[in-house]
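Down below is the structure, laid out as structure tokens.
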Amino acid sequence: MSKKITFYHFICAVFTSCLLVLPAGCSKNEEPQVEEKGTIEKMTDRAAENAVKKIRTPINKARDSQSLGDDRLEEMDKAIEKQ
1035 MSKKITFYHF ICAVFTSCLL VLPAGCSKNE EPQVEEKGTI EKMTDRAAEN
1085 AVKKIRTPIN KARDSQSLGD DRLEEMDKAI EKQ
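Under the working numbering, the first residue of the sequence shown is numbered 1035, with each subsequent residue one higher.
This is the structure we're talking about:
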């Protein structure tokens, strides 16, 4: 009989400890936690930025030359209409 009582007390002690400890782990922290990026993530981000720049540069140049061509065509059309 004493083993049952000891076991019952043990279970109650564990349950009470859980009730006391768990809410402390779930405290409301108003400040957002900012995690520092590791070296690998920083290097990956830099490589991605460089790749995007290298891809966008020719595209932007092509758009610029297209707009120049469109402007020239408009000027030529205006000149033809005036004659």
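Just so you know, even glycine gets a beta-carbon here, dropped at the ideal spot from N, CA and C.
Quick caveat, the model's predicted, so the values are computed rather than measured.
Taking the alpha-carbon positions, what's the Lys1076 to Arg1106 distance?
Looking at the two C-alpha atoms, the distance is approximately 45 Å.
In terms of residues, what are the limits of the alpha helix (DSSP H) holding Glu1108?
Where Glu1108 is concerned, the enclosing alpha helix (DSSP H) stretches over Thr1073 to Lys1116.
Report the rounded CA-to-CA distance for Phe1108 versus Arg1090, giving the unit in angstroms.
The question names Phe, yet the displayed sequence has Glu at residue 1108. Rounded to the nearest angstrom, the two C-alpha atoms are 27 Å apart.
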